[in-house]
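Asker: I am attaching a structure below and will ask some questions about it afterwards.
Residue numbers (my numbering): 73 to 182.
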C-alpha cells in the first residue's frame, strides 16, 4: 500500500526495476519531502489534491525503449501521482532529459 513518500519510491523502484538513487520525489519548491510524509498530506500540501486516490497502477516493468517522459506520464495516469513531483536522475544526481530511455537509467547505475 502506498502510504508515504518512501513507500511510493520503493514501489517505483520495484516495478520499474531501477536503482533507488535514480528516482526522486520533489516538493513544488524543489525540496525533497521527508520519507515518512504521508502521500495524501504531500499531495494536498504541495499540489492541492484533496482526497487523493493513489493507486498501485503500474503492472509491468517499463520496456527498454520507453522514455522517462513515457514512464512519468504512465505514473500520473495510472497511479494518480502528479508528473511534476517525479524526476529520474543520472548517476551524478542530475535530472535526466525526458527523452532518455529507461534502460539507460538502469545501465547508468550498473
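Cβ coordinates follow ideal geometry from the N, Cα and C atoms, glycine included.
Just so you know, these numbers come straight off a predicted model, no measurement behind them.
Assign residue 103 to one of two classes, buried (16 or more other C-beta atoms within 10 Å of its C-beta) or exposed (fewer than that).
Answerer: By one-based count along the chain shown, residue 103 stands at place 31. With fewer than 16 other Cβ atoms within 10 Å, it is exposed.
Asker: Can you look up residue 74 in the DSSP assignment and give me helix, strand or coil?
Answerer: The residue you call residue 74 lines up with position 2 of the chain shown. Residue 74: coil per DSSP, three-state reduction.
Asker: Just the Cα atoms here: how many angstroms apart are residue 76 and residue 160?
Answerer: The sequence position of residue 76 within the chain shown is 4, counting from 1. The sequence position of residue 160 within the chain shown is 88, counting from 1. About 19 Å.
Asker: For residue 114, report the span of its beta strand (DSSP E) as first-last.
Answerer: Your numbering for residue 114 matches position 42 in the chain shown. Premise fails: residue 114 lies in the alpha helix (DSSP H), 111–119, not in any beta strand (DSSP E).
Asker: For residue 155, which residues from the same chain have a beta carbon less than 8 Å from its beta carbon, with the 5 sequence-adjacent residues on both sides left out?
Answerer: What you label residue 155 is simply residue 83 of the chain shown in a count that begins at 1. Answer for residue 155: 144, 145, 147 and 148, listed in chain order.
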